[in-house]
Each structure stands twice: as structure tokens, then as C-alpha cells.
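Participant: Residue numbers (our numbering), protein chains in the order written: chain A, 3 to 331; chain B, 3 to 331.
For glycine and all other residues, C-beta sits at the position ideal for the given N, C-alpha and C.
Supplied in C-alpha cells, the structure appears directly below.
Number of protein chains: 2
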Amino acid sequence: MAAVDVAGEFETIRRLFAPLAHPEWGRGLKDDVAVVPSRPGHDLVLTKDAIVEGVHFLASDPLDTVSRKLLRVNLSDLAAKGAEPFGYLLACHWSERCGWPERMTFVDGLRADQKAFGVALLGGDTVVTPGPASFSVSMLGWTPKGRTVGRAGARAGDLVFVTGSIGDGWLGLQAAQEKLSLEPDRLAALIDRYRTPTPRLEFAGPIRDFASASIDVSDGLIADLGHMAEAGGVRIEVELELVPRSAAGQAWFDGRVDEQAALEKLVTGGDDYEIAFTARAADETALRREAERRHLRLTRIGRVMAGQGVVARFAGQPVPIDRPGFTHG
Amino acid sequence: MAAVDVAGEFETIRRLFAPLAHPEWGRGLKDDVAVVPSRPGHDLVLTKDAIVEGVHFLASDPLDTVSRKLLRVNLSDLAAKGAEPFGYLLACHWSERCGWPERMTFVDGLRADQKAFGVALLGGDTVVTPGPASFSVSMLGWTPKGRTVGRAGARAGDLVFVTGSIGDGWLGLQAAQEKLSLEPDRLAALIDRYRTPTPRLEFAGPIRDFASASIDVSDGLIADLGHMAEAGGVRIEVELELVPRSAAGQAWFDGRVDEQAALEKLVTGGDDYEIAFTARAADETALRREAERRHLRLTRIGRVMAGQGVVARFAGQPVPIDRPGFTHG
């Protein structure tokens, strides 16, 4: 009907996607379905994210970073739940600009990240749209039976931790849109964090072992802590000065006059794909040891109290956060 | 950025999708992931299809039929493999015309078909796009371990069967586009078949028990038989006169001067979502009994030979099929 697939659906599957298929379960993408054997003693964990050009990624973003980010945002969801990913289904809604070279670039990104994160393509669909390109992934993983870590579960007295650093996703978006003035290598580092965030899969094990509640930071740190507070029926207090910044984030921060306003930007920007979680104070030492073993930065940023909602403090005083999280579209 | 979600992502999930969630495994759509316990002795079967407005469905199609067709085309894939569906992940890429009333209509269709087919929503994503609406579903089901029926497996001497009738999907599309002149009730029946095809889930058991190879008819009967012939390394011969037509299809056929050309249209049109499969001749009686028990029409349309490709015969003579299947966009 309306849109013409310049590259061809069957050719796209055969030449580009079949080589990415799980060697056994994907059936060479020739059989309409994937077949995955049950894994005794484990639960299947599933998540699905969709992205749209001009909404979740920029038309100027290279397509190999688009495909990598698509996998990574889904992998990040599993990591925060303590799950081990094994495969994914992919839907590509190609726009008219997506000919062979663009599709090959997209697939290059998938190939690189399949290798980096140990996942394989199980199946999917490829269609064309007269509108902007969009893509979705259903990511599958396993957790030992009953061990998936939810948003609920935080208890009064627990501590609040976050992996890595917060704010680079938002800063990277500003940088990619040429709205920041910083040294070129700082800008490049931030854009890289925005385009290819790092899912903290290596920390899934400690999350399973020690976290009482957990979430990946996608909407914005304060918003995502809010989700945990709401789900757990608790109050979460955060000290804004403790929220970890990257070297590039610190360079940006050092140029701000209003420190409080700058911190608010970082904790509401979103797109960080770090893990925010709560754990018992008695487990802090063990958690720090696990993080050090993985060379992963781990920062205690607050605590869980009786009550509800999120309270952010700056210089010891509660700060009203007007914009509790960036909502796409 | 570009597109504004008039209805709101969180509100859409909470008000429209959460009530559709699997009561246990979907976690109320509040936890980033779904968690499905392993089912011992069974394999997980997965498929994913995406649809785009103006390509796979018409802008004039009511959105409740769009959502039902989306579920049904995925359910059809599982039925043809002998699998029992249990749940799905959904990505909605809403266009700007999709406000609350449109989304509610879309969800009405999901609710009706969840009940009709015994599946539940496990999770997904809802985003907006400045282009035409598109949607994708990842459907999940189970088969007893090792019992999924593939495209390969047809052997020389096997018979070829098809459920229901062939051609209504294509005729229904013509009718919806006002390209057919038939009595109003015929047109309505065809449009209904195009918009809400019937996945043959009730025949999944007999397919598992008796089919040597199986596929659902989506690209067009001849094209899909071609997929089975290629996968199995065999030749499939079909008698065009034997291909079953519905009452409405017969009414259309009766008005054609060139019978052969008319039959070719029906067997290449696609969008039928019947099951085409091969089975041993010795199992024909048992298969007919299973079909009768379900009040399901089952027709033998050809046989499997040594060789390759698909041969369609009309009046006993091989007919060249120029257009071996309708390929969407």
C-alpha cells in the first residue's frame, strides 16, 4: 500500500538479521517463532521498550548507536531486577531513509552489543512506515525462581544507593543538541553516555542478593525513587550533594552559579540507566565489596523512612522538586 | 521533544492497560518487567508482529478491530506451530489522532480478545510518534517439550491440508477499499474476515499430534506453501479447484469470467490466517475426526512430492504463478 520497502522484508531478514539469530532457539529466523527450552528453577523475566525518531532519539544519532541504546535500555531494566538476559525480539519500523546502508549500520550496533552483553536475536518483524523510524525490543532473561527484585520492598531504615553517576544522560542530550559549552572531550564523553548508556548487568547478582527494592534510572533519579517510595509505601530522603557526578558532569557543574538548580537538573533529567536501590544498612559493607570487585562506583545517597514520597535535601534543607521526572512524548 | 502525548504515558498505562494485565505475572504493569514462572516439561514459543497504519491496516479501520487483528495475527502464528498462547507484550506507537477515545477503543478490542483467546497482557510500552500509528506484539505460548511443529518436516507422500477458507483476507481488503461490487452482507462478511481473522487455536492440538510441517497463511497460500517446500526440501503440488472458498468468496468467484485468474488472486492474496499443513496419508481420517469435533472445515488441497518448489494445477495443468505472495511494504 502506502510505503515501499526499498530493501525488501525477506532480504532484510535473510541477509541482516538471520546472522544475529540465536543458533538454536532462533531457528534461523525461518520458522515464524522462536522456541526456548524451559530452565528449571528459574523464572522468565520480560520487558519491552519502544523508541521513536525525533522523540527518544535524534535524527542525527548514528543508527548503530540507536540500536545499541535500544538494547541497552531494555538490558538496564533486567539488570535492575537482578535478571540475566539471554535474548530478544525486535520490531523495526523503518522510515523511508532506511535503505541498505542504514540498515547495515543499525545491525552493526546490534552485533556489537549482542557480543558485549551475551544476548542473541530470537525473532521479530521488519516493516516500513511513511513516518519517522521507530523500533521496539522485547528483552528476555532469567532469575532464580522467586528472586526477581521489585520496585516495592524498601523498608524504613534501609539505605538508598545508586550505581555509577547521575545526570550524564540529560547532559549528553543537551550536548548532542549543541546546547552546552564545554571542552570537546567532555562533550564527546557526555554524548557517548547519552547515546550508549551502560546497563549495569554486572551488578545484577549483588542486586538479587542484597537489594530490598530496585529500579533503573530512566525517568530521572527523583522520579524513579518516587516510584519505589510509592510501591513500597515508604518515604525516601536524598541528599542532593551526595548524588554522584561523572568527571564531565562535574566540569559542567563547576561552571554553574546556582548549585541547587544545577543539581535539580541532574536528578530530574533521566536517561541515566544506572540502578537505584535500597538495602539494609547491615549489608552496606558487602555491597561495597561487590562493587569494588567489579570496579563499579557505588554511592549511598539517602535513606528510607516511614511515610511517603521523596524528599530531596540541599544544604540540609528540603528542596521542592517541581519537575519530578522527564517524560518522553 | 517533537511529539506531545495528549493522553499521558503513565495515565494510559494506569487507566487503560493495567486492568488488562495478567493478575500475577504482569505485576500490575508497575514493575518494569513481567515475571513468568517456568513450566516444567514445556518449551516457550515466541513470535512478534508489527503493523503500521496505511500499510497493514487502513486509517478507516476501527481501532478495536486493529488491536484485535494485531493479537490474532500473532495468535495465528502460535496456532500453526501447535502452541498454546498465554500472554503478550505490547508496544503502542500512538499517532497524533490517538487521544483518549481512540485509545479506549483500541483497548476495548484487546479486552474482548483476551477473553476470547485466554491471553493476558504482560507488559509493554506506550509512546507517541509524529507519523502514522504503529503497534507491535510479542506473543508467548507453550508447547510440550520438543513438540513445536516447524515449517520443515514435510515428506514425499504426505498430504497437504488447509483449515477454513482461503481468499477472504484479500477480498476483504478489496471490499474495505470499496473495490468490490457484491451484496452488502457479503461485503460485510469479507470486511469482517479482513479486519478480524480467526486464529485456529482450537486446532493446535491436532497440529501437534499429526502435522509433519505447518505454517499460518499470511503471505498468501502459494507463498506460504513455498516456505514449507523450501524448508523441507520437497515439492508441493496443489489443485487450485480444491482450495476452499467461503460463501462470500464463492459469490465473488461466481461473478468472474476467468476462473483461473480468479483462483490465482485468492491463493496469492494473503492475510487468511488459516493453517496450511502437511500430514501422513494414514492420519487423514483422524485429522478429519478432530476437525469435525471442532466444527472446523478441513480441506485436502494437494500432496508432497520429491523435488522442490510449489506447483499449482488448474484443470490438471500446471499454472505459472507470477506473483507468489503479497508482501507488505
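Count Cβ pairs between the stretch 93-110 of chain A and the stretch 217-236 of chain A that sit closer than 8 angstroms; are there 3 or more?
Facilitator: no
Participant: Between Leu72(B) and the rest of its own chain, which residues show a CB-CB distance below 6 angstroms, the 5 nearest in sequence each way excluded?
Facilitator: Excluding residues within five positions, the ones whose Cβ falls inside 6 angstroms are Ile53, Phe137, Val139.
Participant: Excluding sequence positions up to five away, which residues of its chain have a Cβ less than 8 angstroms from the Cβ of Gly174(B)?
Facilitator: Leu192, Ile193, Asp194, Arg195, Tyr196, Arg197, Asp273
Participant: To the nearest angstrom, how far is it from the Cα of Ala249(A) to the Cα of Gly56(A)?
Facilitator: Distance between the alpha carbons of Ala249(A) and Gly56(A): 28 angstroms.
Participant: Among all the DSSP beta bridges, which residues are the ones paired with Gly304(B)?
Facilitator: Val162(B), Val240(B)
Participant: Return the CA-CA distance between Gly89(A) and Leu46(B), expressed in angstroms with no decimal places.
Facilitator: 13 angstroms
Participant: Figure out for me which residue from Arg113(A), Gly152(A), His229(A) has the closest Cα to the Cα of Ala23(A).
Facilitator: The residue among Arg113(A), Gly152(A), His229(A) with its C-alpha nearest the C-alpha of Ala23(A) is Arg113(A).
Participant: Report the neighbours of Pro42(A) on chain B: residues whose CB is nearer than 8 angstroms to its CB, in chain order.
Facilitator: The contacting residues are Ser40, Pro42.
Participant: Taking the Cβ atom as the reference point for each residue, do Asp34(B) and Thr49(A) lie within a distance shorter than 7 angstroms?
Facilitator: yes
Participant: Gly331(A) CB to nearest chain B CB: under 7 angstroms?
Facilitator: Its pLDDT being 32, under 50, Gly331(A) is placed unreliably in this model, and the value from its coordinates should be taken loosely. Answer yes: the Cβ-Cβ gap between Gly331(A) and chain B drops below 7 angstroms somewhere.
Participant: Measuring only the C-alpha atoms, how far is Gly271(A) from Leu18(B)?
Facilitator: Near 27 angstroms, if we compare the C-alpha coordinates of Leu18(B) and Gly271(A).
Participant: Using the C-alpha atoms, what's the distance from Ile303(B) back to Ala284(B)?
Facilitator: C-alpha separation (whole angstroms): 16 angstroms.
Participant: Is the shortest distance between the beta-carbon of Thr165(A) and the beta-carbons of chain B less than 7 angstroms?
Facilitator: no
Participant: When Cβ atoms are compared, which residues of the stretch 37-71 of chain B fall closer than 9 angstroms to chain A?
Facilitator: Flagged, chain order: Val37, Val38, Pro39, Ser40, Arg41, Pro42, Gly43, His44, Asp45, Leu46, Val47, Leu48, Thr49, Lys50, Asp51, Ala52, Ile53, Val54, Glu55, Gly56, Val57, His58, Leu60.
Participant: What residues in the stretch 120-145 of chain A have a beta carbon less than 7 angstroms from any beta carbon of chain B?
Facilitator: Leu124, Gly125, Gly126, Asp127, Val129, Val130, Thr131, Pro132, Gly133, Pro134, Ser136, Ser138, Ser140
Participant: Along chain A, which residues have their Cβ under 8 angstroms away from the Cβ of Thr150(B)?
Facilitator: Val35, Val37
Participant: Please go through the stretch 161-196 of chain A and give each complete beta strand (DSSP E) segment of 3 or more residues, from N-terminal end onward.
Facilitator: 161-165
Participant: Beta carbons nearer than 7 angstroms to chain B: which residues of the stretch 256-267 of chain A have them?
Facilitator: none
Participant: Excluding sequence positions up to five away, which residues of its chain have a Cβ less than 7 angstroms from the Cβ of Trp102(A)?
Facilitator: Ala9
Participant: I want to see whether chain A comes within less than 7 angstroms of Lys83(B), judged by CB atoms only; does it?
Facilitator: yes
Participant: Between which two residues does the beta strand (DSSP E) carrying Lys50(A) extend?
Facilitator: Residue range 44-54 is occupied by the beta strand (DSSP E) that includes Lys50(A).
Participant: Expressed to the nearest angstrom, what Euclidean distance is found between the alpha-carbon atoms of Ala293(A) and Leu77(B)?
Facilitator: 44 angstroms
Participant: Per DSSP, what kind of secondary structure is Glu276(A) in: helix, strand or coil?
Facilitator: coil
Participant: Ala191(B) CB to nearest chain A CB: under 7 angstroms?
Facilitator: It does not; no Cβ of chain A falls within 7 angstroms.
Participant: I'd like to know whether the C-beta atoms of Gly84(B) and Arg299(B) end up nearer to each other than 7 angstroms.
Facilitator: no
Participant: Helix, strand or coil for Gln319(B) per DSSP?
Facilitator: strand
Participant: Is Gly235(B) helix, strand or coil by DSSP?
Facilitator: coil
Participant: Checking 7 angstroms against the spacing of the C-beta atoms, do Ala215(B) and Gly234(B) come in under that value?
Facilitator: yes
Participant: Can you tell me which residues form a DSSP beta bridge with Ala213(A)?
Facilitator: Ala281(A)
Participant: Quick one: grab the DSSP three-state call for Gly331(A).
Facilitator: Unreliable placement is indicated for Gly331(A), whose pLDDT of 32 sits below 50; no coordinate value is reported for it.
Participant: How far does the beta strand (DSSP E) with Gly10(A) in it extend, from its first residue to its last?
Facilitator: It is not in any beta strand (DSSP E) - Gly10(A) carries neither H nor E in the DSSP assignment.
Participant: Does any C-beta atom of chain A lie closer than 7 angstroms to the C-beta of Asp79(B)?
Facilitator: yes
Participant: When burial is assigned at 16 or more other CB atoms within 10 Å of the CB, is His297(B) buried or exposed?
Facilitator: exposed
Participant: Taking the C-alpha atoms as reference points, what is the distance between Trp27(A) and Glu286(A)?
Facilitator: 40 angstroms
Participant: Along the chain, which unbroken stretches of the alpha helix (DSSP H) at least 4 residues long are found entirely within the stretch 44-129 of chain A?
Facilitator: 65-82, 102-119
Participant: Ala314(A): which of Met307(A), Arg99(A), Leu242(A), Ala308(A) sits nearest, CA to CA?
Facilitator: It is Leu242(A).
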